[in-house]
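*Asks:* Attaching a single structure in structure tokens format; questions to follow.
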Amino acid sequence: RHTVLVMAALAVCTVTAAALRERTDSQAPPPTTPDQPPPADPGLIPLTVPEVGRLLADALHHPPPPGHAIDWLTWRRRHQARARWHHQRTRLNREYALLT
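Letter by letter, the sequence shown follows residues -17 to -1, 1 to 83 in mature numbering (1 follows the signal peptide of the UniProt record, and there is no 0).
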């Protein structure tokens, strides 16, 4: 019964995340050398479909304190961007080790 509504909501979240991808992707460039220090500001990963759904659900069901959802979302996206950068540097270290 609710399958159609859930599919429509997921489609809306997917379209929203895709439309906002360019505006919300501010990640630092990946590392180019294994000993490169991390960037001061890793940036933010683009909004994902689950995050768009979470923001909509939070806004519709029980409004959080002002700014709470956005602050949490910004922290999470920055943390993921930092983790992605370090993961790429680790892989780069591994590749350099195999070449030498």
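Just so it is clear, CB atoms sit at the ideal spot from N, CA and C, and this is done for glycine as well.
What number of angstroms, rounded off, separates the C-alpha of Pro22 from the C-alpha of Pro14?
*Replies:* 9 Å
*Asks:* In chain order, what residues of the same chain have a beta carbon less than 6 Å from the beta carbon of Pro29, not counting five sequence neighbours either side?
*Replies:* Arg4, Thr7, Asp8
*Asks:* Considering only residues of the same chain and omitting the five flanking positions on each side of Asp24, which have a CB-CB separation below 6 Å?
*Replies:* none
*Asks:* Report back the beta-carbon spacing between Gly26 and Gln10 to the nearest angstrom; my notes put them in contact at under 8 Å.
*Replies:* Rounded, the Cβ-Cβ distance is 4 Å, consistent with contact.
*Asks:* What does the Cβ neighbour count give for Glu78, buried or exposed, with the cut at 16 atoms within 10 Å?
*Replies:* exposed
*Asks:* Quick one: is Trp58 buried, meaning 16 or more other Cβ sit within 10 Å of its Cβ, or exposed?
*Replies:* So Trp58 ends up on the exposed side.
*Asks:* With DSSP as the reference, label Gly36 as helix, strand or coil.
*Replies:* helix
*Asks:* Quick check for students: name the residue ranges of the beta strand (DSSP E) that lie wholly in the segment 42 to 79, counting only runs of 3 or more.
*Replies:* Within the segment 42 to 79, no run of beta strand (DSSP E) at least 3 residues long lies entirely inside it.
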